[in-house]
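S.K.: Starting off with a structure, shown below.
Residue numbers (my numbering): 97 to 402.
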């Protein structure tokens, strides 16, 4: 029996390898603390990358709070499985594929009361059994913290491109974000960068920026820990409305500071100006820029280790 279970696990690992080999970049989006807008970042970066002509998948590994489907307006979607083995993701728009446990829960109010082993099995099944096809990006939305879900992703995808860490400027959120940096380094995963979300509130009337959670805390952490800073995204009422209604906030015609910030971050990621190393990118091109620090880098930096 033990050998049979081992064989089944090995077969699943091979299926994961086959699927992941068809995806160019696999990015784990993390936050140390809950409520910092990690899913907001995932969904809007995905839409921005699709607008740039990329094919993108989103894997929602937040088992207890799967909100990706709601924000994309596809919560009524169903994972197709004609043969009962292969799963086909929901496609809310051309170029975007989504897999979430939300599609398998008939009652949206029902809690998911699972231990770690069940969550790990579900994540591995999504990686192995879903027909992801050929993708430019797989964005993996994770729950807060550095626990089972993040560990399962890192161990199941050893060639993970890197992590993006989301925080708000306030000290409590930054404290937990530092742990996510430590997790990435402990796991040997490149850090693509940190996003400071909810960085000031833009008043819809007078356009004055109000530092509700402060401004600059995440950026300062990046300087302290020598981690790339991807940018700050201000709070906006229209962004919240778009998510509640499942609308695409990144579509052309929207002129908002938060949209502009997210679009610029997506450009950094897609066009290689974001250096996925564990150091401050201001070192690029200087005598301190050592190629040995660039393992796993996906940027177009001239000094990148080949």
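Virtual Cβ for every residue (Gly too), placed ideally from N, Cα, C.
(1) Smallest Cα separation from residue 110: which of 253, 352, 279, 266?
(2) Just tell me which of 218, 283, 160 has its CA closest to the CA of residue 258.
(3) What is the rounded straight-line gap between the Cα of residue 133 and the Cα of residue 209?
(4) Give me, in chain order, the residues of the same chain whose beta-carbon lies closer than 6 Å to that of residue 333; leave out the 5 immediate sequence neighbours on both sides.
(5) Do you know whose CA, among 290, 124, 234, 169, lies nearest residue 321's CA?
(6) Roughly how many angstroms separate the alpha carbons of residue 171 and residue 287, rounded to a whole number?
(7) Strictly by DSSP, which residues pair up with residue 306?
(8) Would you check if the segment 210-220 and the segment 172-190 touch, i.e. whether three or more CB-CB distances between them fall below 8 Å?
(9) Taking only the alpha-carbon atoms, compute the straight-line gap between residue 439 and residue 225 and give it to the nearest angstrom.
(10) In whole angstroms, what separates the C-alpha of residue 206 from that of residue 166?
(11) Out of 242, 160, 113, point me to the one whose CA is closest to residue 280's CA.
(12) How close, in whole Å, do the beta carbons of residue 317 and residue 270 come, if the pair is a contact with beta carbons under 8 Å?
(13) According to DSSP, is residue 272 part of a helix, a strand, or is it coil?
(14) Around the C-beta of residue 375, are 16 or more other C-beta atoms found within 10 angstroms, so that it is buried, or is it exposed?
(15) Given a threshold of 16 other Cβ atoms within 10 Å of its Cβ, counted over all protein chains shown, does residue 128 qualify as buried or as exposed?
M.R.: Quick look at the numbers:
(1) Comparing alpha-carbon positions, the option among 253, 352, 279, 266 lying closest to residue 110 turns out to be 253.
(2) Just measuring C-alpha positions, the residue of 218, 283, 160 sitting nearest residue 258 is 283.
(3) Using only the alpha carbons, I get a separation of about 23 Å.
(4) Result list for residue 333: 300, in chain order.
(5) Out of 290, 124, 234, 169, 290 has the C-alpha closest to the C-alpha of residue 321.
(6) Rounded to whole angstroms, residue 171 and residue 287 show a C-alpha spacing of 31 Å.
(7) DSSP output for residue 306 lists 297 as bridge partner(s).
(8) Judged by Cβ distances under 8 Å, the segment 172-190 makes no contact with the segment 210-220, as fewer than three pairs qualify.
(9) The shown model of the chain, from 97 to 402, leaves out residue 439, and the question about it has no answer.
(10) For residue 206 and residue 166, the distance between alpha carbons rounds to 15 Å.
(11) Here the closest residue by C-alpha is 242.
(12) With a Cβ gap of about 5 Å, residue 317 and residue 270 count as contacting.
(13) Residue state for residue 272 is assigned as helix, using DSSP reduced to three classes.
(14) Unreliable positioning characterises residue 375 in this predicted model, as indicated by a pLDDT of 41, which lies under 50. The coordinate reading is nonetheless provided below. When all chains shown are included, residue 375 counts as buried.
(15) Per the 10 Å Cβ criterion, buried.
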